[in-house]
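Each remark here refers to the structure printed beneath this line.
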Amino acid sequence: MFLSGYIYETWWGSTGRFMGTFTWLLLFLDYFFLTRFYHFKKGHLVILSLSIFLQACWGISDFFWMNLFHFFDGVDNKGLWSTFAGGVGNINGYTSLMVSYSGLYAGLYLKEKKGKWSLLFLLMYMFTLLAAMYGMSDNAVFALFVLFLALPFFCFQKKEVLLQCIDLYLAFFLTMKLAVYLIPAEGSSYNVGDKGFFLLLGYSALPFLAIPVLGLLRLLVMKLREEAVQKLLRPLYYAVFCLILCGVIFVFYDANVSHKIAFLTKYKNYFLFDDAWGSGRGFIWKMGMDFFMNKMPLWQRIFGYGPDSYYMLTNDHYKFEISQSAFGAIDNIHNEYLNILLTIGMAGLIAYFLFIFFSLKTLWEKDREGEESFSGTVFPFATGIALLCYLGQAVINIAVPIVLPIIFILFFLGLGTKCRAQECSDDTAS
-10 MFLSGYIYET WWGSTGRFMG TFTWLLLFLD YFFLTRFYHF KKGHLVILSL
40 SIFLQACWGI SDFFWMNLFH FFDGVDNKGL WSTFAGGVGN INGYTSLMVS
90 YSGLYAGLYL KEKKGKWSLL FLLMYMFTLL AAMYGMSDNA VFALFVLFLA
140 LPFFCFQKKE VLLQCIDLYL AFFLTMKLAV YLIPAEGSSY NVGDKGFFLL
190 LGYSALPFLA IPVLGLLRLL VMKLREEAVQ KLLRPLYYAV FCLILCGVIF
240 VFYDANVSHK IAFLTKYKNY FLFDDAWGSG RGFIWKMGMD FFMNKMPLWQ
290 RIFGYGPDSY YMLTNDHYKF EISQSAFGAI DNIHNEYLNI LLTIGMAGLI
340 AYFLFIFFSL KTLWEKDREG EESFSGTVFP FATGIALLCY LGQAVINIAV
390 PIVLPIIFIL FFLGLGTKCR AQECSDDTAS
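Given below as structure tokens:
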């Protein structure tokens, strides 16, 4: 904070998104108190689900231009109607919140054994997916890509859990098809600006292909023995996982270098990395990395320019370049990890990664007795999945005080509940 000379701005984050030192200190206090004093009750999930349901309804109503709360009265530009949703603000923040909730309910459904609760979690998973798809922000693509690649790694111990994982994939494609079925010819955000990636896929043949294939896969898994799931399907998925990663690398390589697959030109906005990529993120990222590599003093590389200080960084060092671009000002690099690197430095980024890594490790640890309790295992596991979704979309998004604290508070609740369960287990064992 003191290294840039902008003490006031980096304390409050007033030139950015108010994610300055003060907000991070409040998050630390949340962590301290919630991990020590919160006691989980399953009924809390009902209250949480109700609030999430209402917010998702608000966002979906904004997609259909219902203007229930009259926020858009007097606004004739429908492009603005499609840019803000659900009371969160920008659709990027709204979508990141909804898709993180999808991860929460995916984790809850995956581990829940009681039928009524499982049904609630599955329906909330589908509803938050629907809300995220109607947000039409591409950060949902990154979050769900990470979610769907990661989920099977938690499922090969029990056939029942693997079947529930397949249910989540089926529900995703059913929701995708439902989303496009409900879109009217006129009177929705789909008719304005860029189309959401998942809505475009919903109009394609992909859901009709994926649903029967997943259905057949589910029948196959049902017929397999428990041992075969671990010995056959686990190594098979590892191979598929590697193929998917190689495929993603190849797609980006072809779109940017070789240009041999004509089909990819239809999706060049997603795969062609240039200054215009990601609504100008390519330009903003290159500017930030140029400053870090070529202009930043060593002590600032280690400790950063100050929390939420990217506006001062660009205004002081790249004012001419920005004036020649399509942007009037740039206050965030639109990548949370690069933003931490530049504003809190390598020390801050390493500390952040270590904290996240060991926290996820704790959240996903099995009960030492081998039995899964809801408060000691299922809820912490699900909050870890929600955090994983948030971390996935953070590659192209920014931290804002109406989204990140909510996801981190959920994460802290799960972490505190898990640690308390482990302490009780140790006391019982001794």
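Residue numbers (our numbering): -10 to 419. Glycine is no exception: its CB is placed at the ideal position from the N, C-alpha and C atoms.
- It is roughly 6 Å from the alpha-carbon of M115 to the alpha-carbon of T164.
- Distance between E361 and L109, taken at the CA atoms: about 19 Å.
- Classified as buried, G267 has 16 or more neighbouring CB atoms from the shown chains inside 10 Å of its CB.
- Beta-bridge annotation (DSSP): G334 is not paired with any residue.
- Partner residues in the beta bridge of N79, as assigned by DSSP, are F73.
- At a Cβ-Cβ threshold of 9 Å, F400 and L327 do not count as neighbours.
- Taking the C-beta atoms as reference points, M87 is found no nearer than 9 Å to G32.
- Assigned with DSSP and collapsed to three states, E149 falls in helix.
- When the Cα atoms are used, G2 and V389 turn out to be separated by approximately 10 Å.
- When G124, G176, G9 and G96 are compared, the shortest CA-CA separation from N66 is found for G176.
- When DSSP states are grouped into helix, strand and coil, M8 belongs to the coil group.
- Below 8 Å, too few C-beta pairs join the stretch 151 to 158 and the stretch 117 to 126 to call them touching: fewer than three.
- DSSP assignment within the stretch 112 to 179 yields the following whole alpha helix (DSSP H) runs of 4 residues or more, N-terminal first: 128 to 139 and 148 to 170.
- In the DSSP assignment, P224 falls within the unbroken alpha helix (DSSP H) covering R223 to Y242.
- When the beta-carbon positions are compared, S178 and D51 come within less than 9 Å of each other.
- Within its own chain, the residues whose Cβ lies closer than 6 Å to the Cβ of Y90, once the five positions on either side in sequence are excluded, are I41 and T117, listed in chain order.
- Within the model, the alpha-carbon separation for H323 versus G277 is close to 10 Å.
- Counting the other CB atoms within 10 Å of its CB gives N128 a total of 16 or more, which places it among the buried residues.
- For G317, the closest of G269, V210 and V35 by C-alpha to C-alpha distance is G269.
- The alpha carbon of T366 has as its nearest neighbour, out of L167, Y341 and L402, the alpha carbon of L402.
- The alpha-carbon of N56 is positioned some 15 Å away from that of L43.
- Sixteen is the threshold: since fewer than 16 other Cβ atoms of the shown chains lie within 10 Å of the Cβ of K212, the residue is exposed.
- The C-alpha of Q146 is placed about 12 Å away from the C-alpha of K355.
- Residue nearest to L112 within the set N245, T84 and A160 is A160 (criterion: CA-CA distance).
- Shortest Cα-Cα distance from Y94 to any of L136, M282, G76 and L15 involves L136.
- Assignment of A388 by DSSP, reduced to helix, strand and coil, places it in the coil class.
- In terms of CA proximity to V210, I155 leads the group I155, F346, F134 and F280.
- With at least 16 other beta carbons inside 10 angstroms of its own, E(-2) counts as buried.
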